[in-house]
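Here the structure is laid out as structure tokens; the discussion comes afterwards.
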Amino acid sequence: MDFTSIEAPRRVERLVTGQPATDGAGVKLTRVLTHELQRRLDPFLMLDNFASDDPNDYIAGFPDHPHRGFETVTYMIAGRMRHRDSAGNEGLLTSGGVQWMTAGRGLIHSELPEQQAGMMEGFQLWLNLPGRDKMCTPGYRAIQSTEIPEFTTPEGVTVRVIAGHSHGVNGAVARPAQQWPTAPLYLDLHFPAGGATFRQPLAAHYNAFTYTYRGCIGIADAVVARHRMAVLDNRGDGVLLQGLPGDEPARALLIAGIPLNEPIAQYGPFVMNTREQLIQAVEDFQAGRLGKD
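Under our numbering, the letters of the sequence shown match residues 86 to 378, in that order.
What follows is the structure in structure tokens.
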């Protein structure tokens with residue numbers, strides 16, 4: 086595949102400013118991908134960005150809470166957070182690492198900071214599961230920073246491949262296509278100061294967006310500033326991202342996936358296909374059956 090040739094790059098359909106929110110036991114964060122965008126960015130359900138050097142914003146963490154019907158992908162940029170769940174999994178998420186959790190038929194888990202001071206920064210992405218897999222066996226994988234494939238393009242863009250494929254490099258998380266119909270792409274792109282271009286072929290049926298978390302990037306004739314999400318249109322043969330000239334480097338996420346085109350029924354931490362399934366999820370949680378055979 087020729088990664089240098091993008092004949093018809095996608096354009097920005099919409100720029101989104103994240104909304105301040107709190108979650109867990111009062112963790113302050115920015116909710117970037119909200120409920121109103123779930124259909125447009127199917128199979129992605131939510132993207133949160135947490136970033137603060139004030140312990141009061143994050144120290145209480147996310148005590149025990151349930152999930153069913155989707156996957157959570159937590160990417161830590163800075164800081165330390167401990168995961169424990171009702172299936173007996175435990176892992177320490179540190180700077181540069183990823184926690185990929187498949188809630189499936191149900192898990193109760195906690196994510197608690199293991200630091201009293203300093204910066205805590207990262208992202209949590211919710212990836213929907215197809216209806217056939219919503220009641221699958223839960224799973225958990227802790228991926229250390231050193232396990233994430235990384236390369237630098239000839240133009241100087243450093244690419245961390247969390248999932249999917251880029252420039253012949255396979256991501257840290259990969260599954261057979263028949264088991265993973267959404268085929269997600271999750272890249273963390275580091276642009277050097279002075280500007281550089283990154284190209285990623287991407288079929289038109291993928292829904293895709295970017296999120297800038299350092300500096301600014303350019304996409305076609307749009308400038309995507311820090312803390313802005315760009316929803317990309319579905320025309321063209323790929324994505325062309327440009328670091329802007331100047332003294333400031335930039336960093337951005339590029340996330341894409343094949344839509345499921347299934348009904349989405351959500352009640353808080355439960356994401357199913359029907360209202361009846363949601364009622365069952367709540368009843369299972371209240372009765373202590375969540376995640377049990």
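The beta carbon of each residue, even a glycine, is placed where N, CA and C say it ideally should be. These numbers come from a predicted model, not from an experiment.
**Study point:** Among Ala145, Thr157, Lys113 and Asp127, nearest to Ala136 - alpha-carbon criterion
**Key:** Lys113
**Study point:** Helix, strand or coil at Glu156 according to DSSP, with G and I counted as helix
**Key:** strand
Practice item. For Asp332, verify whether its CB is less than 6 Å away from any heavy atom of the ligand ZN. Key: The ligand ZN is not among the ligands present in this structure, which contains no ligands whatsoever.
Review point. Which two residues bound the contiguous alpha helix (DSSP H) that contains Leu363?
Key: Arg360 to Gln371
Review point. Under the three-state reduction of DSSP, which class applies to Arg374: helix, strand or coil?
Key: coil
Check your understanding: Do you know how far the Cα of His194 is from the Cα of Val356?
Key -> 16 Å
**Study point:** Under the three-state DSSP convention, the category Leu197 falls into
**Key:** strand
**Study point:** Ser251 in three-state terms, based on DSSP
**Key:** strand
Point to revise | Segments assigned beta strand (DSSP E), at least 3 residues, entirely inside the segment 263 to 340 | key: 270 to 276, 282 to 286, 292 to 299, 302 to 304, 307 to 309, 313 to 317 and 323 to 328
Exercise for review: Would you mind giving the Cβ-Cβ distance between Asn289 and Ile340, rounded to the nearest angstrom? I have them listed as a contact below 8 Å.
Suggested key: The residue asked about is misnamed: residue 289 is Ala in this sequence, not Asn. Not confirmed; about 16 Å, so no contact.
Exercise for review: For the beta strand (DSSP E) holding Pro105, just list the boundary residues, first then last.
Suggested key: Gln104 to Asp108
Check your understanding: Tell me which same chain residues have a C-beta within less than 8 Å of the C-beta of Gly146, skipping the five on either side of it?
Key -> Gly109, Ala110, Val112, Met166, Ser195, Glu196, Leu197 and Pro198
**Study point:** The beta strand (DSSP E) enclosing Arg124, as first and last residue numbers
**Key:** Note, Arg124: premise wrong, no beta strand (DSSP E); not H, not E.
**Study point:** As assigned by DSSP and simplified to three states, the class of Glu235
**Key:** strand
Check your understanding: If you run the structure through DSSP and keep just helix, strand and coil, what is Asn346?
Key -> coil
Point to revise | Close-in-space but distant-in-sequence residues of the same chain around Met86 (CB under 7 Å, 5 per side omitted) | key: Confidence in Met86 is poor, its pLDDT being 44 and thus under 50, which makes the residue's placement unreliable; the coordinate value appears in the next sentence. If we look at Met86 and ignore the five residues flanking it on each side, its Cβ neighbours are Pro286.
Check your understanding: Does DSSP classify Ser137 as helix, strand or coil?
Key -> strand
Practice item. Quick one: using the 10 Å Cβ neighbour count with 16 as the cut-off for buried, is Glu156 buried or exposed? Key: buried
Practice item. Name the one or two DSSP bridge partners that Leu177 has. Key: Arg167
**Study point:** For Gly279, the nearest candidate out of Gly256, Arg311, Gln263 and Glu240 (CA to CA)
**Key:** Glu240
Point to revise | Cutoff 6 Å; reference Ala163; Cβ partners in own chain excluding five residues on either side | key: Ser180, Met204 and Glu206
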